[in-house]
Amino acid sequence: MTYSFTLPRWFDAHVHLRQGNLLTTTIADQLSTGCASVLAMPNTKPPITRISGPSSETSMTLSEYHDELMNHGADAFENLILPLYLCHQTTPILLEQGVREVELKACKYYPPKGTTNADHGAPIEHYIKQGIFETMKELGIVLCLHGESHSLSHEQYFDQHINAEKDFYLNTLPRLIDKYPALKIVCEHITTKEACDLVSSADANVAATITPQHLLFTVGHLLRGFNYHLYCLPLLKFEEDRAALRQAIITPNQTHFFAGTDSAPHTHKTTDCGCAAGCYTAPVAPNLYAMAFEAAGCEFSSDSTLQLFKNFMSTNGCQFYGLAESTKTFTMTKTASELTPRETNDGTLVPLPTGLNFTGTEHLLSWSVTI
Ligand code: NCD
Ligand code: ZN
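Residue numbers (the numbering used here): 662 to 1032.
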């Protein structure tokens, strides 16, 4: 049966819009899905580590990045949250300047060298010593966490009983929460049962985003035939982890979990000696999320599913970041949609699920969006 439902436009609490030529495409794709507001990541080149004034070769300012986004269509978003990239140069005074001058709402922790353009991050201990988290707590600035331990051995990075994310949520985050119980924290793109357990049982000031790919796929989908368009960080995990993520989003009245696609465009996914981490999902994120809810056992003909989906897409993230829920709407219809690669002046972007080499039907888009 073909059916439709209409929701308030949604909030993407974690997206990479990038810079320059890519922006026209990434912003238009994002808006085309009924996305009202975004939190756009600061791992640009150079990274966004200062507040205002001119950028330099090693550091971009939030105000310049804001202007660049606006010049490429981001003025159509209802809200645009731009976090500051935490690095060795971040100081409490800089954070105060951010709040004063640009209403700084969030800062991003990247594990040093842990993912795409994460070369500038400092270890957690550094920010503790410098009073950064203390100041963030006092100013009400949200800590956006890429929750993976860095500097692990290869054996610990991804193994049967331990991996970089699991280690972070078992050993680092509990310590951080004990030390700063009132700090607002978003555990971004969580992938493990351990992260789900910690966030579910935490107070309301600790929340998490979950991507469509981590809800839909497991590491087997990536590894069979090396489906490199699924290569992102944190890596896809196991069935037990995916089940925990699915359970988290379908728990009635849950307020801890919300959409954050981590849509991350790469025009060159593979090189001679590696693979760029990041999945591009901007043109189809609500479609993929709807498929994930169905895979989790929900039927969109029921009011309870619609409520769960609305909370996840349109309500919980806004509430956490203090944004008004959109008064505009978008409509989803259960009918297949077509998806094509995006040509940009920097090269081609292949959005998920195109590019995947499965023989089954689990990756075919079964939903369409109209705005
Ligand atoms: C992101 C990117 O490409 O910027 N990549 C990814 O695999 N998710 C960075 C990040 O969020 O880790
Ligand atoms: Zn990201």
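Note that the Cβ used here is the ideal one computed from N, Cα and C, for glycine as well.
Keep in mind it's a predicted model, so treat the numbers as computed, not measured.
- Looking only at L876, L831, D780 and G775, the smallest Cα-Cα distance to K706 is reached by D780.
- According to DSSP, A868 shares a beta bridge with V847.
- For the pair V676 and L692, the CB atoms are not nearer than the 8 Å cut-off.
- I688 is a Cβ neighbour of G734, given a cutoff of 8 Å.
- Burial of K827 is indicated by the presence of at least 16 other C-beta atoms within 10 angstroms of its C-beta.
- Contact between the segment 968-976 and the segment 705-719 is not established, with fewer than three Cβ pairs separated by less than 8 Å.
- Taking non-hydrogen atoms of ligand 2 into account, the C-beta of H917 is found less than 7 Å away from none of them.
- Under the three-state reduction of DSSP output, H749 falls in the coil class, being neither helix nor strand.
- The three-state reading of DSSP puts D964 in helix, counting H, G and I together.
- These are the residues, in chain order, with a beta carbon less than 6 Å from any non-hydrogen atom of ligand 2: H675, H677, M702, D923 and A925.
- DSSP places V803 in the uninterrupted beta strand (DSSP E) bounded by V803 to L806.
- Taking the Cα positions, T942 is about 33 Å away from R836.
- Rounded to whole angstroms, the separation of the alpha carbons of T752 and H787 is 11 Å.
- Residues of the same chain with a CB within less than 7 Å of the CB of K798, apart from the 5 flanking positions on each side, are Y841, A843 and L844 in chain order.
- Restricting attention to A946, N732 and Q915, the CA atom closest to the CA of V867 is found in Q915.
- Judged by their CB atoms, S924 and R670 are not nearer to each other than the 8 Å cut-off.
- Inter-residue distance for E901 and I846 is about 25 Å (C-alpha atoms, whole angstroms).
- The shortest C-alpha to C-alpha distance from A909 to any of L891, I871 and L949 is the one to I871.
- Each residue's CA atom was taken as its position, placing D673 and K769 some 16 Å apart.
- In this structure, DSSP gives Y770 an extended state, which the three-state scheme calls strand.
- Residues of the same chain with a CB within less than 6 Å of the CB of S713, apart from the 5 flanking positions on each side, are T722, S724 and E762 in chain order.
- In the pairwise beta carbon analysis, the segment 919-936 is classified as touching the segment 994-1012: at least three pairs are separated by under 8 Å.
- Placement of the Cβ of A938 at a distance of less than 7 Å from at least one heavy atom of ligand 1 is found.
- In this structure, DSSP gives G1008 an extended state, which the three-state scheme calls strand.
- C893 has its CB nearer than 7 Å to a heavy atom of ligand 1.
- Inclusion of W1028 and S987 in the CB contact set at 8 Å is not warranted, their separation being larger than that value.
- Between the beta-carbon of N704 and that of Y746 there is about 7 Å, and that keeps the pair under the 8 Å contact cut.
- Remark: the shortest separation between the CB of N888 and any heavy atom of ligand 1 does not fall under 7 Å.
- At least 8 Å separates the beta-carbon of H875 from that of L894.
- Remark: the shortest separation between the CB of T663 and any heavy atom of ligand 1 does not fall under 7 Å.
- Using a cutoff of 7 Å, the CB of N972 does not count as near ligand 1, since none of the ligand's heavy atoms is closer than that.
- By the Cβ-count criterion, G782 is buried, with 16 or more other Cβ atoms from all chains shown falling within 10 Å of its own Cβ.
- Inclusion of A953 and P1014 in the CB contact set at 8 Å is not warranted, their separation being larger than that value.
- In the displayed model, L949 falls within a helix according to three-state DSSP.
- Rounded to the nearest whole angstrom, the C-alpha separation of P708 and V860 is 28 Å.
- With a beta-carbon spacing of about 27 Å, E757 and Q680 fall beyond the 8 Å limit used to define contacts.
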